Amino acid sequence: MPGILVTDFIEGRTQEPADIRNWTNRREIISLIRKCHYEIPKHFRGPALVFWPFQTIRGYATTLRGDESRCVDLLPDLLEKAEKMERTVGPIELVFGHNDLLAANFIDDGKRLWLIDWDYAGFNSALFDLANVASNNEFEGEQEEDFLGEYYGAIPDANLWRRFRAMSCASLLREAMWSMVSEIHSQLDFDYAAYTTDYLGRFERAYEAFSSMESGLTESGA
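The sequence shown begins at 20 in my numbering and counts up one residue at a time.
Encoded structure:
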């Protein structure tokens, strides 16, 4: 078919969010992500891209303004919130990230999981991939705690939690703003407006939880 490039075909089943939330799969996903973060850089040479979600958010905002998006009036508030999230994330350990960990980008062939769709791959914080999995697949509190604990090998402390919450918000906002841009530019037969609404709602709920955590820490003097 014109315009399609297939480099390999994996006989398997694309995952759903419920599959990702399954504890057995989560442990395998953590192992796969860790290999991505620390093993992939050993196998290529020369410069590589950096994917910083907050810069991506700023870039989407510029595009949306230039294209007179229906969401332009939302941008000042969203960018102000993004700046707060970026300050909270603070200094990072740089790893090689996949950066687009939707359930559909995992395939189970019956023996192992495969990670596909590397369009957004590049160096980033490990927290973004972890938050990306959790936020895209709607993990709840205990699932998030188990996920972080398994990756880092320790129960997450308050500082890790707040940085993770900030990055979860960034993950959801980046997806929402990608959809805003896609509303204008994509030629696929897909309801991007509904997708934007869904992810904006997820972002606002996540940001409310993040803000509550920040307020609690401020009041306690932490």
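The beta-carbon is built from N, C-alpha and C at its ideal position, and this holds for glycine as well.
Just so it is clear, the structure is predicted and the values come from calculations on it, not from any experiment.
Whole-Å CB distance - Asp92 paired with Ile203, under 8 Å assumed
Against the sequence shown, residue 92 aligns to sequence position 73. Against the sequence shown, residue 203 aligns to sequence position 184. Contact check for Asp92 and Ile203: beta-carbon distance about 16 Å, past the 8 Å limit, so the pair fails to qualify.
Neighbourhood of Leu121 by C-beta distance below 7 Å, restricted to the same chain and skipping five residues each side:
Along the sequence shown, read from residue 1 onward, the residue named residue 121 stands at position 102. Hits under 7 Å: Asn155.
Using the Cα positions of Leu192 and Gln74, report the straight-line distance between them to the nearest angstrom.
Taking the sequence shown and counting its residues from 1, one reaches residue 192 at position 173. Taking the sequence shown and counting its residues from 1, one reaches residue 74 at position 55. Spanning the two alpha carbons is a distance of roughly 12 Å.
Tell me the residue span of the beta strand (DSSP E) that contains Ser190.
Translated into positions along the sequence shown, residue 190 becomes position 171. Where Ser190 is concerned, there is no enclosing beta strand (DSSP E), although the alpha helix (DSSP H) it sits in stretches over Ala177 to His204.
By a C-beta neighbour count over all protein chains shown, 10 Å radius and 16 as the cutoff for buried, is Thr81 buried or exposed?
Locating residue 81 in the sequence shown gives position 62, counting from the first residue. By the beta-carbon neighbour count (other beta carbons within 10 angstroms, threshold 16), Thr81 is exposed.
Counting along the chain, where does the beta strand (DSSP E) carrying Asp127 start and finish?
Stepping through the sequence shown from its first residue, residue 127 is reached at position 108. Boundaries of the beta strand (DSSP E) around Asp127: Phe125 to Asp127.
Report, in whole angstroms, the separation of the C-beta atoms of Tyr79 and Met196, which I expect to be a contact under 8 Å.
In the sequence shown, residue 79 corresponds to position 60, counting from 1. In the sequence shown, residue 196 corresponds to position 177, counting from 1. Correct: roughly 4 Å between the Cβ atoms.
If Phe125 and Gln34 are in contact, beta carbons under 8 Å, what's the gap, nearest whole angstrom?
Taking the first residue of the sequence shown as 1, we reach residue 125 at position 106. Taking the first residue of the sequence shown as 1, we reach residue 34 at position 15. Correct: roughly 4 Å between the Cβ atoms.
C-alpha gap between Ala228 and Tyr218, whole angstroms
In the sequence shown, counting from the first residue as 1, residue 228 sits at position 209. In the sequence shown, counting from the first residue as 1, residue 218 sits at position 199. Tyr218 has its alpha-carbon roughly 15 Å from the corresponding atom of Ala228.
Under a Cβ-count criterion, where at least 16 other Cβ atoms within 10 Å of its own Cβ denotes burial, should Ser190 be classed as buried or exposed?
Translated into positions along the sequence shown, residue 190 becomes position 171. With 16 or more neighbouring CB atoms inside 10 Å of its own CB, Ser190 falls in the buried class.
Please name the residue or residues paired with Trp133 in a DSSP beta bridge.
Walking along the sequence shown from the start, residue 133 turns up at place 114. DSSP, once it has assigned bridges, lists Ile126 as partnering Trp133.
Which one or two residues does DSSP pair with Leu113 in a beta bridge?
In the sequence shown, the residue the question calls residue 113 occupies position 94. Answer is Ser144, bridged to Leu113.
Give the list of continuous beta strand (DSSP E) stretches no shorter than 3 residues that lie fully inside the stretch 40-107.
As far as the stretch 40-107 is concerned, it has no whole beta strand (DSSP E) run of at least 3 residues.
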